[in-house]
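Engineer: Sharing a structure with you now.
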Amino acid sequence: MTQRHTTTTDATPATPAPWRPSRTVAVILAGGTGTRLGLGIPKQLLKIAGKPIIEHTLAVFEAAPEIDEIIVLMAVGHVPDAQRIVEKAGLHKVSKVIEGGDTRNETTRIALEAIGEEDCNVLFHDAVRPLVSHRIVRECVNALWTYSAVDVAIPSADTIIQVDEDECITDIPVRSSLRRGQTPQAFRSGTIREAYRLAEGDPHFAATDDCGVVLRYLPGTPIKVIDGSDENIKVTHPVDVHLADKLFQLAAARVPRLADHRGYREELTGRTVVIFGGSYGIGHDLAELATRHGAQVFPFSRSSTGTHVERPEDVEAALKTAFEATGRIDHVVVTAGVLEKGNLAEMDEETMDRVLQVNFVGPVTVARLALPYLQQTKGQLLLYTSSSYTRGRARYALYSATKAALVNLTQALADEWAEVGVRVNCVNPERTATPMRTRAFGEEPEHTLLSAEAVAQASLDVLISELTGQVIDVRRPQGEAPPAVPAQAVRAGADAVG
């Protein structure tokens, strides 16, 4: 006789089968229209730091080893725009770019249909959160080995209040238990499918958050929360555009340095670097550093080669010299600059013209004439600004104005030249020990200045990076004194940034 099995309250539950996903899919939700930004295009297509927002976002998931496939749900009518971005950026993990739905829950259903029926990990991420970190992506995927739903959130720095229809406070929840939700939100595919299946029977169902769907329709399912980051902002309002741009700038300041000299030699051997302003200061140190790592460097300056950056014939002759010698030009650097102090009303015409010509017309001239060479190698133009670009300073009106102009030039050219694969960046060093600075300010305590060699090293790291449209801050490490700066003769003129 077959024994009948009974269930008791203390019976040991069956051990769930181990989770074995076939793959991990990132779904990029790009259905926004940019209404709150007042744009004529979807906000995810707006360019920040030289690239469309969605390209920055996709690049994070493309580079994440935990992600196998990317599906983009794009705003209606803009699928071709997203496809062009994917193709141009070489984002090989993107398998589909399809139109999203009219609502969030419809968009999620479309995404689940596109994924297919296999068990897999699914990460839903807002396209307009371009600063999501690799750490967040990794921790989301890792958490899915234990949990079937994962959210990302940060503590609330503000007190949250609850109000009624008359805008009167009805409750003030304890802040320590509150979090501000971000994305990605990650799920085992079966869990999010079941939650949406159950939701279909609810006539009042409207989703703005996928974890909320699981919480409401699968209330017994634990939803793990992992730490997000303050940088993982959603670009929704006009101020967010400026914040995101600044955050990319700060991130660019942390350009990784290669592990050893061998790595630099591999990157630079056979490359041609042209430096305008290469006789003193930053330009001189960059020339020596790049040469040491195997690059063929051609430094030009007013003092050593009679090259004036503001004269097209001089610039063209310099570029031609380098190209005829090596057959290529990979990087063009402009460190040439002059610093003249004084009230604008008291400056003579000759001084004003020199500042404008060398500091602004010069880089513009170099940019125009260097482009045909850089197009051939998909190279980079590197300019230099000053901390004064963010706010003009008394007695430095023209200098500050030209440095601010170079930042705008960098961002504009990065946008213009993206189509031909040429990168443009701008280095913003803090006060640096150069002959130009010594001439303007006299001798200063060494511990208060950044060394030209340190700026040259940071510049080299930018040149071998894939950055474009960035302003890279270079600062002395906090709590550390900079390396000793060798005394250099101060000349009447100046060829290097200070």
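Count along the sequence shown from 1, add 751, and you get the number used in the working numbering.
Note that beta-carbon positions come from the ideal geometry of N, C-alpha and C, so glycine has one too.
Values in this document were obtained by computation on a predicted structure and should not be read as measured data.
In this structure, does DSSP put Leu949 in helix, strand or coil?
Structural biologist: Indexing the sequence shown from 1 puts residue 949 at position 198. Helix.
Engineer: Alpha carbons only, please: which of His1012, Leu797, Ile836, Ala894 is nearest the one belonging to Leu1211?
Structural biologist: In the sequence shown, residue 1211 corresponds to position 460, counting from 1. Closest option to Leu1211, Cα to Cα, is His1012.
Engineer: Got a sec: is the Cβ-Cβ distance from Gln1126 to anything in chain B below 8 angstroms?
Structural biologist: Given the protein chain composition of this structure (a single chain), no chain B is represented.
Engineer: Where do the ends of the alpha helix (DSSP H) carrying Ile805 lie?
Structural biologist: Looking up residue 805 in the sequence shown gives position 54. Unbroken alpha helix (DSSP H) run through Ile805: 804 to 814.
Engineer: Measuring only the C-alpha atoms, how far is Thr1116 from Thr1153?
Structural biologist: In the sequence shown, the residue the question calls residue 1116 occupies position 365. In the sequence shown, the residue the question calls residue 1153 occupies position 402. Their backbone Cα atoms lie some 14 angstroms apart in a straight line.
Engineer: For Val1178, tell me which candidate among Leu1149, Leu1218, Val1060 has the shortest Cα-Cα distance.
Structural biologist: Position 427 of the sequence shown, counted from the start, is the residue given in the question as residue 1178. Nearest C-alpha to Val1178: Leu1218.
Engineer: By Cβ distance below 7 angstroms, which residues in the same chain neighbour Gln946 in space, the five residues on each side in sequence not counted?
Structural biologist: Working through the sequence shown from its first residue, we reach residue 946 at position 195. Residue identity check: residue 946 is Ala in the sequence provided, not Gln. Result list for Ala946: Val964, Val965, Tyr968, Leu969, in chain order.
Engineer: Where Lys802 and Thr921 are concerned, what is the direct C-alpha to C-alpha distance, given to the nearest angstrom?
Structural biologist: Taking the sequence shown and counting its residues from 1, the one referred to as residue 802 is at position 51. Taking the sequence shown and counting its residues from 1, the one referred to as residue 921 is at position 170. Looking at the two C-alpha atoms, the distance is approximately 45 angstroms.
Engineer: Where does Val1084 sit, in a helix, a strand or coil, going by DSSP?
Structural biologist: Indexing the sequence shown from 1 puts residue 1084 at position 333. Looking at Val1084 - three-state DSSP - the assignment turns out to be strand.
Engineer: By alpha-carbon positions, which one of Glu1064, Asn856, Ala937, Ile799 ends up nearest to Asp953?
Structural biologist: Indexing the sequence shown from 1 puts residue 953 at position 202. Of the listed residues, the one whose Cα sits closest to Asp953 is Asn856.
Engineer: Which of the three DSSP states, helix, strand or coil, is assigned to Arg930?
Structural biologist: Start at 1 with the first residue of the sequence shown, and residue 930 comes out as number 179. Strand.
Engineer: Quick one: give me the first and last residue of the beta strand (DSSP E) that Asp1224 is part of.
Structural biologist: Taking the sequence shown and counting its residues from 1, the one referred to as residue 1224 is at position 473. 1222 to 1225 is the extent of the beta strand (DSSP E) around Asp1224.
Engineer: Give me, in chain order, the residues of the same chain whose beta-carbon lies closer than 8 angstroms to that of Ile849; leave out the 5 immediate sequence neighbours on both sides.
Structural biologist: Counting from 1 along the sequence shown, the entry for residue 849 is found at position 98. Once the five neighbours on either side are set aside, the close Cβ partners of Ile849 are Ile822, Val823, Leu824, Met825, Val830, Ile861, Ala865.
Engineer: Where Val892 and Ser1216 are concerned, what is the direct C-alpha to C-alpha distance, given to the nearest angstrom?
Structural biologist: Counting from 1 along the sequence shown, the entry for residue 892 is found at position 141. Counting from 1 along the sequence shown, the entry for residue 1216 is found at position 465. C-alpha separation (whole angstroms): 28 angstroms.
Engineer: State the start and end residues of the unbroken alpha helix (DSSP H) segment that holds Asp978.
Structural biologist: The residue given as residue 978 occupies position 227 in the sequence shown. Run containing Asp978: none in the alpha helix (DSSP H); it sits in the beta strand (DSSP E), 975 to 978.
Engineer: Hey, is the segment 1140 to 1155 in contact with the segment 1065 to 1085, meaning 3+ C-beta pairs nearer than 8 angstroms?
Structural biologist: Counting Cβ pairs under 8 angstroms, fewer than three are found: no touch.
Engineer: Name the one or two DSSP bridge partners that Ser899 has.
Structural biologist: Stepping through the sequence shown from its first residue, residue 899 is reached at position 148. Paired residues: none, contrary to the question.
Engineer: Does Gln913 pass the burial test, meaning 16 or more other C-beta atoms within 10 Å, or should it be called exposed?
Structural biologist: Numbered from its first residue, the sequence shown carries residue 913 at position 162. With fewer than 16 Cβ atoms within 10 Å of its Cβ, Gln913 is classed as exposed.
Engineer: So is Lys794 buried or exposed if we call it buried at 16+ other beta carbons inside 10 Å?
Structural biologist: For the purposes of this step, residue 794 is identified with residue 43 of the sequence shown, where counting begins at 1. Buried, since its Cβ has 16 or more Cβ neighbours within 10 Å.
Engineer: Does Asp870 come out as helix, strand or coil in the three-state DSSP assignment?
Structural biologist: Here residue 870 refers to the residue found at position 119 when the sequence shown is read from its first residue. DSSP places Asp870 in coil when its eight states are reduced to three.
Engineer: Could you pull out every residue in the same chain whose Cβ sits closer than 8 angstroms to the Cβ of Asp819, ignoring the five residues on either side in sequence?
Structural biologist: For the purposes of this step, residue 819 is identified with residue 68 of the sequence shown, where counting begins at 1. Correct list, in chain order: Arg774, Thr775, Val776, Lys844.
Engineer: Considering only C-alpha positions, which residue in the set Leu1122, Arg1008, Arg1053, Arg1079 is nearest to Gly1021?
Structural biologist: Position 270 of the sequence shown, counting from 1, holds the residue named residue 1021. Checking every option, the nearest Cα to that of Gly1021 belongs to Arg1079.
Engineer: Closest by CA to Phe812, which one among Pro1196, Lys975, Val778, Ala1069?
Structural biologist: In the sequence shown, the residue the question calls residue 812 occupies position 61. It is Val778.
Engineer: Helix, strand or coil: which one does DSSP assign to Leu1009?
Structural biologist: Here residue 1009 is taken as the residue at index 258 of the sequence shown, counted from 1. In this structure, Leu1009 counts as coil in the three-state DSSP scheme.
Engineer: Val1222 to Asn1176, Cα distance in whole Å?
Structural biologist: One-based indexing of the sequence shown puts residue 1222 at position 471. One-based indexing of the sequence shown puts residue 1176 at position 425. Approximately 6 angstroms between the Cα atoms of the pair.
Engineer: Under 8 angstroms, do Val1109 and Val1060 count as touching if we go by C-beta distance?
Structural biologist: By 1-based counting over the sequence shown, the position of residue 1109 is 358. By 1-based counting over the sequence shown, the position of residue 1060 is 309. Contact: yes.
Engineer: Under 8 angstroms by Cβ, that's how I've got Leu809 and Leu842 pegged, so tell me the actual separation to the nearest angstrom.
Structural biologist: Residue numbering aside, residue 809 sits at position 58 when the sequence shown is read from its first letter. Residue numbering aside, residue 842 sits at position 91 when the sequence shown is read from its first letter. With 8 angstroms as the limit, Leu809 and Leu842 qualify as a contact, their Cβ atoms being about 5 angstroms apart.
Engineer: Can you determine whether any heavy atom of the ligand COA sits closer than 7 angstroms to the C-beta of Pro803, and answer yes or no?
Structural biologist: Looking at this structure, you won't find the ligand COA or any other ligand, since it has none at all.
Engineer: Note down, in chain order, each residue of its chain lying with its Cβ closer than 6 angstroms to the Cβ of Val1024, except the 5 sequence neighbours on either side.
Structural biologist: Along the sequence shown, one-based indexing puts residue 1024 at 273. Result list for Val1024: Ala1041, Ala1046, Val1048, His1082, in chain order.
Engineer: Roughly how many angstroms lie between the CA atoms of Ala1238 and Gly1032, to the nearest whole one?
Structural biologist: Against the sequence shown, residue 1238 aligns to sequence position 487. Against the sequence shown, residue 1032 aligns to sequence position 281. Residue confidence for Ala1238 is low, a pLDDT of 32 falling below 50, so the modelled location carries little weight; the figure read from the coordinates is stated next. Between Ala1238 and Gly1032, the C-alpha separation is close to 11 angstroms.
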